[in-house]
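First comes the structure, then the notes that go with it.
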Amino acid sequence: MAGALDNVWVVLVNPKVPGNIGWSARGMKNMGLSRLALVAPVEYRSEEARRFAYAAEDVLEEARVFGSLEEALRDAAIAFGTTRRLGKRRRATYFLRDVAPRIVSEARANTVAVVFGNEKRGLSRAELSLCDAVVTIPEETDYPSLNLSHAVTIVCYELYLASRGDAFPPLLALASREKVHGMYEHLRRTLAEVGFGKAGGRDLLEKVMISLKRLFGRTGLEGRDVNAIRGICRRVEEKLGLLPSSRDDDVPAP
(Lines of atoms letter the chains of each structure in order from A and count residues from 1; the text may use other names and numbers.)
(Lines give C-alpha, C1' and ligand atoms only; values in the text may rest on other atoms or scores of the structure.)
Protein backbone atom coordinates (compact mmCIF):
# COMPACT_ATOMS: atom_id res chain seq x y z
CA MET A 1 0.00 0.00 0.00
CA ALA A 2 1.28 3.47 -0.83
CA GLY A 3 0.03 7.01 -0.93
CA ALA A 4 -2.57 8.80 1.14
CA LEU A 5 -4.61 5.73 2.07
CA ASP A 6 -1.56 4.23 3.76
CA ASN A 7 -1.78 7.03 6.31
CA VAL A 8 -5.44 6.41 7.16
CA TRP A 9 -6.20 4.34 10.25
CA VAL A 10 -9.61 2.77 10.72
CA VAL A 11 -10.28 2.73 14.46
CA LEU A 12 -12.98 0.43 15.88
CA VAL A 13 -13.91 1.27 19.46
CA ASN A 14 -14.95 -1.68 21.63
CA PRO A 15 -16.29 -3.87 18.77
CA LYS A 16 -18.44 -6.69 20.16
CA VAL A 17 -18.73 -9.11 17.21
CA PRO A 18 -15.63 -10.89 15.84
CA GLY A 19 -17.28 -11.29 12.45
CA ASN A 20 -17.69 -7.53 12.14
CA ILE A 21 -13.99 -7.03 12.78
CA GLY A 22 -13.19 -9.58 10.08
CA TRP A 23 -15.63 -8.04 7.60
CA SER A 24 -14.21 -4.59 8.31
CA ALA A 25 -10.70 -5.83 7.55
CA ARG A 26 -11.94 -7.31 4.30
CA GLY A 27 -13.79 -4.14 3.29
CA MET A 28 -10.68 -2.10 4.05
CA LYS A 29 -8.44 -4.25 1.89
CA ASN A 30 -10.97 -4.20 -0.95
CA MET A 31 -10.64 -0.41 -0.99
CA GLY A 32 -6.88 -0.12 -0.55
CA LEU A 33 -6.62 0.53 3.20
CA SER A 34 -4.59 -1.61 5.56
CA ARG A 35 -4.23 0.18 8.91
CA LEU A 36 -6.64 -1.20 11.50
CA ALA A 37 -6.70 -0.13 15.15
CA LEU A 38 -8.88 -1.81 17.77
CA VAL A 39 -9.83 -0.28 21.12
CA ALA A 40 -10.70 -2.84 23.80
CA PRO A 41 -12.00 -5.40 21.27
CA VAL A 42 -13.38 -8.88 21.71
CA GLU A 43 -11.09 -11.68 20.58
CA TYR A 44 -10.37 -10.62 17.01
CA ARG A 45 -8.15 -13.52 15.97
CA SER A 46 -10.93 -16.03 16.40
CA GLU A 47 -12.02 -18.48 13.71
CA GLU A 48 -15.12 -16.37 13.06
CA ALA A 49 -13.12 -13.18 12.51
CA ARG A 50 -10.64 -14.96 10.24
CA ARG A 51 -13.44 -16.51 8.21
CA PHE A 52 -15.08 -13.15 7.58
CA ALA A 53 -11.72 -11.54 6.81
CA TYR A 54 -11.13 -13.96 3.94
CA ALA A 55 -8.11 -12.80 1.87
CA ALA A 56 -7.58 -9.92 4.31
CA GLU A 57 -6.14 -11.92 7.19
CA ASP A 58 -2.99 -9.80 6.99
CA VAL A 59 -4.97 -6.67 7.90
CA LEU A 60 -6.40 -8.56 10.87
CA GLU A 61 -3.04 -9.93 11.99
CA GLU A 62 -1.34 -6.55 11.80
CA ALA A 63 -4.07 -4.67 13.67
CA ARG A 64 -2.90 -2.60 16.62
CA VAL A 65 -4.76 -2.95 19.92
CA PHE A 66 -5.21 -0.13 22.44
CA GLY A 67 -6.78 0.15 25.85
CA SER A 68 -8.46 3.50 25.20
CA LEU A 69 -9.44 5.78 22.34
CA GLU A 70 -7.13 8.47 23.66
CA GLU A 71 -4.23 6.07 23.30
CA ALA A 72 -5.33 4.99 19.82
CA LEU A 73 -5.46 8.61 18.62
CA ARG A 74 -2.16 9.67 20.16
CA ASP A 75 -0.24 9.61 16.86
CA ALA A 76 -3.05 10.92 14.65
CA ALA A 77 -2.75 14.48 13.41
CA ILE A 78 -6.51 14.61 12.88
CA ALA A 79 -9.39 12.29 13.75
CA PHE A 80 -12.82 11.99 12.14
CA GLY A 81 -15.55 10.40 14.25
CA THR A 82 -18.53 8.70 12.61
CA THR A 83 -22.12 8.81 13.82
CA ARG A 84 -25.67 8.40 12.59
CA ARG A 85 -27.12 10.55 15.38
CA LEU A 86 -27.87 14.13 14.44
CA GLY A 87 -29.33 16.85 16.62
CA LYS A 88 -29.10 20.42 17.80
CA ARG A 89 -27.02 19.48 20.82
CA ARG A 90 -24.48 17.61 18.75
CA ARG A 91 -21.46 18.97 16.97
CA ALA A 92 -21.51 20.12 13.37
CA THR A 93 -21.62 17.01 11.22
CA TYR A 94 -20.45 16.57 7.63
CA PHE A 95 -21.73 14.16 5.01
CA LEU A 96 -19.17 11.51 4.12
CA ARG A 97 -18.96 12.32 0.40
CA ASP A 98 -18.36 15.98 1.15
CA VAL A 99 -15.56 15.37 3.62
CA ALA A 100 -13.82 12.35 1.97
CA PRO A 101 -11.59 14.56 -0.23
CA ARG A 102 -10.48 16.48 2.86
CA ILE A 103 -9.61 13.27 4.69
CA VAL A 104 -7.53 12.10 1.75
CA SER A 105 -5.88 15.51 1.40
CA GLU A 106 -4.90 15.54 5.07
CA ALA A 107 -3.60 11.97 4.79
CA ARG A 108 -1.15 12.87 2.03
CA ALA A 109 1.15 14.31 4.68
CA ASN A 110 -0.37 13.28 8.02
CA THR A 111 -1.63 10.32 9.97
CA VAL A 112 -5.44 10.42 9.93
CA ALA A 113 -7.88 8.34 11.98
CA VAL A 114 -11.47 7.50 11.09
CA VAL A 115 -13.23 6.29 14.23
CA PHE A 116 -16.23 3.96 14.53
CA GLY A 117 -18.20 3.03 17.64
CA ASN A 118 -19.42 -0.44 18.53
CA GLU A 119 -22.42 -2.25 17.13
CA LYS A 120 -24.81 -1.40 19.95
CA ARG A 121 -24.38 2.29 20.73
CA GLY A 122 -21.89 3.76 18.25
CA LEU A 123 -19.59 6.47 19.56
CA SER A 124 -20.53 8.23 22.78
CA ARG A 125 -20.44 11.99 23.10
CA ALA A 126 -17.27 11.69 25.12
CA GLU A 127 -15.64 9.62 22.39
CA LEU A 128 -16.81 12.01 19.67
CA SER A 129 -15.37 14.87 21.68
CA LEU A 130 -11.92 13.35 21.15
CA CYS A 131 -12.36 13.66 17.39
CA ASP A 132 -11.69 16.81 15.38
CA ALA A 133 -14.67 16.46 13.05
CA VAL A 134 -17.82 14.35 12.84
CA VAL A 135 -18.95 12.47 9.74
CA THR A 136 -22.21 10.77 8.85
CA ILE A 137 -23.45 8.55 6.03
CA PRO A 138 -26.80 9.66 4.58
CA GLU A 139 -29.39 6.93 5.08
CA GLU A 140 -33.04 6.22 4.47
CA THR A 141 -34.86 7.85 7.39
CA ASP A 142 -37.22 4.90 7.86
CA TYR A 143 -34.29 2.66 8.76
CA PRO A 144 -31.24 4.79 9.65
CA SER A 145 -28.92 2.06 10.86
CA LEU A 146 -25.94 0.34 9.24
CA ASN A 147 -24.04 -2.71 10.35
CA LEU A 148 -20.59 -1.70 11.64
CA SER A 149 -18.65 -3.51 8.92
CA HIS A 150 -20.96 -2.11 6.22
CA ALA A 151 -20.34 1.41 7.48
CA VAL A 152 -16.58 0.80 7.47
CA THR A 153 -16.71 -0.48 3.89
CA ILE A 154 -18.77 2.50 2.68
CA VAL A 155 -16.36 4.95 4.27
CA CYS A 156 -13.38 3.14 2.78
CA TYR A 157 -15.05 3.14 -0.62
CA GLU A 158 -15.54 6.90 -0.56
CA LEU A 159 -11.94 7.42 0.56
CA TYR A 160 -10.74 5.16 -2.25
CA LEU A 161 -12.69 7.16 -4.83
CA ALA A 162 -11.41 10.44 -3.42
CA SER A 163 -7.83 9.15 -3.48
CA ARG A 164 -8.07 8.23 -7.13
CA GLY A 165 -9.34 11.59 -8.30
CA ASP A 166 -9.46 11.53 -12.11
CA ALA A 167 -7.34 8.40 -12.36
CA PHE A 168 -10.20 6.16 -13.46
CA PRO A 169 -10.39 5.68 -17.22
CA PRO A 170 -13.89 5.75 -18.70
CA LEU A 171 -15.51 2.32 -18.65
CA LEU A 172 -16.63 2.71 -22.26
CA ALA A 173 -14.71 4.21 -25.16
CA LEU A 174 -17.78 5.73 -26.79
CA ALA A 175 -18.01 6.14 -30.54
CA SER A 176 -17.80 9.68 -31.88
CA ARG A 177 -20.97 11.64 -32.54
CA GLU A 178 -20.12 11.57 -36.25
CA LYS A 179 -19.99 7.78 -36.31
CA VAL A 180 -23.21 7.45 -34.30
CA HIS A 181 -24.95 9.94 -36.61
CA GLY A 182 -23.80 7.90 -39.61
CA MET A 183 -25.21 4.76 -37.99
CA TYR A 184 -28.59 6.44 -37.42
CA GLU A 185 -28.74 7.55 -41.04
CA HIS A 186 -27.88 4.04 -42.18
CA LEU A 187 -30.58 2.62 -39.92
CA ARG A 188 -33.11 5.11 -41.20
CA ARG A 189 -32.32 4.24 -44.81
CA THR A 190 -32.46 0.49 -44.18
CA LEU A 191 -35.74 0.66 -42.27
CA ALA A 192 -37.27 2.72 -45.06
CA GLU A 193 -36.18 0.09 -47.57
CA VAL A 194 -37.92 -2.72 -45.62
CA GLY A 195 -41.19 -0.83 -45.50
CA PHE A 196 -41.20 1.46 -42.50
CA GLY A 197 -42.85 4.70 -43.49
CA LYS A 198 -46.11 6.55 -43.17
CA ALA A 199 -49.21 4.58 -42.26
CA GLY A 200 -52.28 6.74 -42.22
CA GLY A 201 -51.58 9.65 -39.95
CA ARG A 202 -48.58 7.99 -38.32
CA ASP A 203 -45.00 8.21 -39.42
CA LEU A 204 -43.76 4.82 -38.29
CA LEU A 205 -40.20 5.44 -39.37
CA GLU A 206 -39.88 8.54 -37.21
CA LYS A 207 -41.45 6.79 -34.21
CA VAL A 208 -39.06 3.85 -34.55
CA MET A 209 -36.05 6.14 -34.93
CA ILE A 210 -37.04 8.09 -31.81
CA SER A 211 -37.34 4.84 -29.85
CA LEU A 212 -33.96 3.58 -31.11
CA LYS A 213 -32.24 6.85 -30.23
CA ARG A 214 -33.79 6.73 -26.77
CA LEU A 215 -32.60 3.14 -26.32
CA PHE A 216 -29.05 3.71 -27.54
CA GLY A 217 -28.83 7.03 -25.71
CA ARG A 218 -29.45 5.29 -22.38
CA THR A 219 -26.59 2.84 -22.81
CA GLY A 220 -24.02 4.67 -24.94
CA LEU A 221 -22.43 3.06 -27.98
CA GLU A 222 -18.86 1.91 -28.42
CA GLY A 223 -17.26 1.80 -31.84
CA ARG A 224 -17.79 -1.96 -32.07
CA ASP A 225 -21.50 -1.48 -31.33
CA VAL A 226 -21.82 1.01 -34.18
CA ASN A 227 -19.96 -1.41 -36.48
CA ALA A 228 -22.25 -4.28 -35.51
CA ILE A 229 -25.43 -2.31 -36.17
CA ARG A 230 -24.18 -1.00 -39.50
CA GLY A 231 -23.06 -4.50 -40.39
CA ILE A 232 -26.62 -5.74 -39.82
CA CYS A 233 -27.96 -2.96 -42.04
CA ARG A 234 -25.48 -3.88 -44.73
CA ARG A 235 -26.56 -7.52 -44.68
CA VAL A 236 -30.20 -6.46 -45.02
CA GLU A 237 -29.25 -4.28 -48.00
CA GLU A 238 -27.43 -7.20 -49.58
CA LYS A 239 -30.48 -9.42 -49.22
CA LEU A 240 -32.63 -6.71 -50.81
CA GLY A 241 -30.24 -6.40 -53.73
CA LEU A 242 -29.35 -2.82 -52.89
CA LEU A 243 -25.59 -3.36 -52.86
CA PRO A 244 -23.05 -2.57 -54.09
CA SER A 245 -24.46 0.64 -55.58
CA SER A 246 -25.84 1.95 -52.26
CA ARG A 247 -22.98 0.69 -50.13
CA ASP A 248 -21.07 3.22 -48.07
CA ASP A 249 -17.32 2.75 -48.21
CA ASP A 250 -17.00 3.01 -44.43
CA VAL A 251 -19.67 0.45 -43.58
CA PRO A 252 -18.02 -2.50 -41.80
CA ALA A 253 -18.68 -6.12 -42.62
CA PRO A 254 -21.20 -7.79 -40.28
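Numbering-wise (numbering that gives the first Met the number 0), the sequence shown opens with residue 0 and increments by one. Think of the CB as a built atom: it goes at the ideal place given N, C-alpha and C, for glycine as much as any other residue.
Residue burial annotation: Arg233 is buried, with at least 16 other C-beta atoms found within 10 angstroms of its C-beta. In the three-state reduction of the DSSP assignment, Gly216 falls in the helix class. Secondary structure note for Arg34: its beta strand (DSSP E) is the uninterrupted segment 34–38. Taking 8 Å as the upper bound for CB-CB distance, Ala39 and Asn13 are in contact here, some 5 Å apart. The Cβ-Cβ distance between Met30 and Val9 does not fall below 8 Å. Runs of the beta strand (DSSP E) spanning 3 or more residues and lying entirely within the segment 130–213 occur at 132–135, in chain order. Under the DSSP definition of a beta bridge, Gly80 partners with Val114, Val133.
Each residue's CA atom was taken as its position, placing Phe51 and Gly21 some 5 Å apart. The beta-carbon distance between Ile102 and Val7, rounded to whole angstroms, is 7 Å. This is short enough to meet the 8 Å contact definition.
Straight across, the Cα-Cα distance linking Arg188 with Ile231 is about 13 Å.
Listed in chain order, the non-local C-beta contacts of Glu157 below 7 Å within the same chain comprise Leu95, Arg96, Ala99, local neighbours out to five positions each way being set aside. With contacts defined as CB atoms closer than 8 Å, Thr81 and Val114 qualify as a contacting pair.
Three or more beta-carbon pairs separated by less than 8 Å are not found between the segment 125–139 and the segment 103–111, which leaves the two stretches without contact.
Shortest Cα-Cα distance from Ser33 to any of Ala227, Arg63, Leu211 involves Arg63. Each of Gly116, Leu214, Gly196, Ala227 was checked against the Cα of Ala36, and the nearest Cα belongs to Gly116. With 16 or more other Cβ atoms inside 10 Å of its own Cβ, Gly121 counts as buried. Annotation: Arg101 is outside any beta strand (DSSP E); the continuous alpha helix (DSSP H) that includes it extends over 95–106.
Taking a C-beta distance under 8 Å as the contact criterion, Val225 and Met182 qualify as a contact pair. Assigned with DSSP and collapsed to three states, Gly2 falls in coil, not helix or strand. A straight-line Cα-Cα distance of about 58 Å links Asn109 and Leu186.
Taking C-beta atoms as the reference points, Leu203 and Phe215 fail to come closer than 8 Å. Here Val10 carries a strand assignment [DSSP, helix/strand/coil]. Membership of Arg63 in any alpha helix (DSSP H) is not indicated; the residue belongs instead to the beta strand (DSSP E) covering 63–65. Contact between Ala75 and Ala112 holds: their C-beta atoms lie close to 4 Å from each other, under 8 Å. Here the C-alpha atom of Tyr93 lies approximately 44 Å from the C-alpha atom of Ile209.
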